[in-house]
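> Residue numbers for the sequence shown follow UniProt numbering, so the first one is 1 and each next one is one higher. Cβ atoms here follow ideal geometry from the backbone N, Cα and C, with glycine treated the same way.
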Amino acid sequence: MEKITVGLNERSYPIYIGTSQHYGELVRKALPKISDLMVVTNDTVGPLYFEALKKQLEESGFKVCQCVLKDGEAYKTIDSFWEIQTALLENNFARDSAIIALGGGVVGDMAGFAASTYQRGIPFIQIPTTLLAMVDSSVGGKTAINHPLGKNMIGAFYQPKAVIADLDTLKTLPKRELTAGLGEVVKTAIIYDAEFFCYLEQNIDKVFSYDLEVIGRIVKNCCQVKASVVSEDEKEHGLRAILNYGHTFGHAIEAFLGFGTWLHGEAVGLGMVIASALGRKRGLISAQDDERMLQLCRKALLPVKIPENMTADDFIKHMRHDKKVRQGTIRYVLPTAIGKVDIFSDVTDEEIKNLINSLK
């Protein structure tokens, strides 16, 4: 088992990465004074893993309840958030209780947001069961629900007490979910680690055969990068914004198509292709590097074509709701080399229109 620490002084916490995780022991270590646990999951993951998790938690002295939500980004809503709060209240949960998020990024985001607000904050632990959640969304303390006008518009920064990533859970993950996770994996390599990018070029296809050695290295690398960035810039005042590479275009795609039509990682994949093309047009990267990024996205089976009915104006309209907008200006994270990105505030709408039209 690997252990990585997210260093945030008194709010630091461990990320455990391995197989056959001892959930009860690790949760008790993170929550020594807690008695009651609410496991928030969904109707896909719950039937697979809840009973085994409950047994381990009860053996470690916890009383365990369950809140089962509907599966999918389309249900990352105020109604689902309210459902979690209602379950906590109906079971008389107090401040000496905690939430366990058992599932992918949607479950983790909503459970974390519920934890941040219930009785002004109770502890929570992330147990991610998708590749995307393991490499990205479970680490860093971003919690949120969607609004019809924008993704993750209502939320809070609220750090978990621990993240427990059991690679065995990926064996039940559909291929499409693996692809979505690889969107965030490729992003990590592009923004921070050229050597990791080269490793992915040689090994990314092995993820689809569930090669645990490759998957383990990928999860570890991504968590190390995320932990390093979050430790330096928890609230996204500067460096952490680079983690949004591909997300400005990606969130616009999700909002336009309707949340849940594409998986988040799929939209990020296409968002990276568009951002890379913009970087090339601006002379920030070479045509060769742009092509390498495109080909890696293809190897990961990520979408690389803009939806036919989505126009440049649609992109601009939805990107105006992006959380990186400052004083009405959309800020774009663009590559300056493989392994390095920067933030640009001087991209014009005309540039975006020309770019999108050239890619369609």
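What are the residues that DSSP puts in a beta bridge with Lys-340?
Position 340 of the sequence shown, counting from 1, holds the residue named residue 340. BP columns for Lys-340 point to Ala-337.
> List the residues that DSSP assigns as beta-bridge partners of Leu-37.
Taking the sequence shown and counting its residues from 1, one reaches residue 37 at position 37. Leu-37 is bridged to Val-64, Ala-98.
> According to DSSP, is Ser-110 helix, strand or coil?
Here the question's residue 110 lines up with position 110 in the sequence shown. The sequence shown places Met at residue 110, rather than the Ser named in the question. Three-state result, Met-110: helix.
> Let me confirm a value: Gly-21 is counted as buried when at least 16 other C-beta atoms fall within 10 Å, else exposed. Which label applies?
Taking the sequence shown and counting its residues from 1, one reaches residue 21 at position 21. Checking the sequence, you will find Gln at residue 21 rather than Gly. It counts as buried.
> Out of Leu-170, Glu-177, Ile-164, Leu-57, which has the shortest C-alpha to C-alpha gap to Asp-211?
Locating residue 211 in the sequence shown gives position 211, counting from the first residue. Nearest of Leu-170, Glu-177, Ile-164, Leu-57 to Asp-211, Cα basis: Leu-170.
> For a test of the three-state rule: what should DSSP assign to Lys-320, helix, strand or coil?
Counting from one through the sequence shown, the residue named residue 320 turns up at place 320. Note that residue 320 is Arg in the sequence shown, not Lys. DSSP places Arg-320 in coil when its eight states are reduced to three.
> Is the Cβ-Cβ distance between His-321 and Gly-105 less than 8 angstroms?
Within the sequence shown, numbered from 1, the residue matching residue 321 stands at position 321. Within the sequence shown, numbered from 1, the residue matching residue 105 stands at position 105. Not in contact: His-321 and Gly-105 (Cβ atoms no closer than 8 angstroms).
> Spell out a yes or no on whether the region 51-66 and the region 75-82 are touching, meaning 3 or more CB-CB pairs, one atom from each, closer than 8 angstroms.
No: the two stretches stay apart, fewer than three of their Cβ pairs being nearer than 8 angstroms.
> Cβ of Glu-73 within 8 angstroms of Cβ of Gly-269?
Position 73 of the sequence shown, counted from the first residue, corresponds to residue 73. Position 269 of the sequence shown, counted from the first residue, corresponds to residue 269. Not in contact: Glu-73 and Gly-269 (Cβ atoms no closer than 8 angstroms).
> Starting from Gly-155, follow its DSSP beta bridges and name the residues at the other end.
Residue numbering aside, residue 155 sits at position 155 when the sequence shown is read from its first letter. Answer is Ala-144.
> Among Asn-244, Gln-202, Cys-223, which has the Cα closest to the Cα of Ile-191?
By 1-based counting over the sequence shown, the position of residue 191 is 191. Among Asn-244, Gln-202, Cys-223, the Cα nearest to that of Ile-191 belongs to Asn-244.
> Phe-113 and Ala-144 - do their beta-carbons sit closer together than 8 angstroms?
Taking the sequence shown and counting its residues from 1, one reaches residue 144 at position 144. Taking the sequence shown and counting its residues from 1, one reaches residue 113 at position 113. A contact, by the Cβ cut-off of 8 angstroms.
> When the Cα atoms are used, what is the spatial distance from Pro-32 to Phe-249?
Position 32 of the sequence shown holds residue 32. Position 249 of the sequence shown holds residue 249. Pro-32 and Phe-249: Cα-Cα distance of roughly 42 angstroms.
> Among Leu-355, Thr-172, Val-45, Gly-24, which one has its Cα closest to the Cα of Leu-37?
The residue given as residue 37 occupies position 37 in the sequence shown. Out of Leu-355, Thr-172, Val-45, Gly-24, Gly-24 has the C-alpha closest to the C-alpha of Leu-37.
> In the DSSP assignment, find the alpha helix (DSSP H) that holds Val-229 and state where it starts and stops.
What you label residue 229 is simply residue 229 of the sequence shown in a count that begins at 1. Residues 212-232.
> Relative to the alpha-carbon of residue 376, which residue among Glu-90, Ile-17, Ala-98, Asp-43 has its alpha-carbon at the smallest distance?
Nothing about residue 376 can be reported from this structure: the residues present for the chain run from 1 to 360 only.
> Taking the C-alpha atoms as reference points, what is the distance between Ala-162 and Gln-126?
Locating residue 162 in the sequence shown gives position 162, counting from the first residue. Locating residue 126 in the sequence shown gives position 126, counting from the first residue. Taking the straight line from one Cα to the other gives about 6 angstroms.
> What do you reckon, are the CB atoms on Leu-263 and Glu-177 nearer than 8 angstroms?
Working through the sequence shown from its first residue, we reach residue 263 at position 263. Working through the sequence shown from its first residue, we reach residue 177 at position 177. For Leu-263 and Glu-177, yes; Cβs fall inside 8 angstroms.
> Starting from Ala-165, follow the alpha helix (DSSP H) in both directions and report where the run begins and ends.
Residue numbering aside, residue 165 sits at position 165 when the sequence shown is read from its first letter. Premise fails: Ala-165 lies in the beta strand (DSSP E), 163-166, not in any alpha helix (DSSP H).
> Going by other Cβ atoms of all chains shown within 10 Å of its Cβ, with 16 needed for buried, is Gly-279 buried or exposed?
Locating residue 279 in the sequence shown gives position 279, counting from the first residue. Buried: at least 16 other Cβ atoms inside 10 Å.
> Leu-132 by DSSP, collapsed to three states: which one?
Stepping through the sequence shown from its first residue, residue 132 is reached at position 132. Reduced to three states, the DSSP call for Leu-132 is helix.
> Would DSSP call Leu-149 helix, strand or coil?
Position 149 of the sequence shown holds residue 149. In the structure shown, Leu-149 sits in coil (DSSP, three-state: anything other than H, G, I, E or B).
> Taking a contact to mean a Cβ-Cβ separation below 8 angstroms, would you say Ala-241 touches Gly-339 in this structure?
One-based indexing of the sequence shown puts residue 241 at position 241. One-based indexing of the sequence shown puts residue 339 at position 339. For Ala-241 and Gly-339, no; Cβs fall outside 8 angstroms.
> Using three-state DSSP, classify Phe-196 as helix, strand or coil.
As a position in the sequence shown, residue 196 is number 196, starting the count at 1. Helix.
> Are the CB atoms of Ile-316 and Asp-346 nearer to each other than 8 angstroms?
Position 316 of the sequence shown, counted from the start, is the residue given in the question as residue 316. Position 346 of the sequence shown, counted from the start, is the residue given in the question as residue 346. For Ile-316 and Asp-346, no; Cβs fall outside 8 angstroms.
> Are the Cβ atoms of Ala-180 and Glu-254 separated by less than 8 angstroms?
Indexing the sequence shown from 1 puts residue 180 at position 180. Indexing the sequence shown from 1 puts residue 254 at position 254. For Ala-180 and Glu-254, no; Cβs fall outside 8 angstroms.
> Looking at the structure shown, is Phe-259 part of a helix, part of a strand, or coil, going by DSSP?
Looking up residue 259 in the sequence shown gives position 259. It is coil, neither helix nor strand.
> Quick one, are the C-beta atoms of Ile-285 and Thr-329 less than 8 angstroms apart?
The count along the sequence shown starts at 1 and reaches residue 285 at position 285. The count along the sequence shown starts at 1 and reaches residue 329 at position 329. No, the pair does not count as a contact, with Cβ atoms beyond the cut-off.
> Return helix, strand or coil for Ala-91, following the three-state DSSP convention.
Sequence index remark: in the sequence shown, residue 91 carries index 91 (1-based). The displayed chain sequence assigns Asn, not Ala, to residue 91. Three-state DSSP puts Asn-91 in coil, outside helix and strand.
> Assuming Glu-351 is part of the alpha helix (DSSP H), what are its boundary residues?
By 1-based counting over the sequence shown, the position of residue 351 is 351. Element bounds for Glu-351: 349-359.
> What does the Cβ neighbour count give for Ser-35, buried or exposed, with the cut at 16 atoms within 10 Å?
One-based indexing of the sequence shown puts residue 35 at position 35. Exposed.
> For Leu-69, which beta-bridge partners are listed by DSSP?
Reading the sequence shown from its first residue, position 69 is the one you call residue 69. Asn-42.
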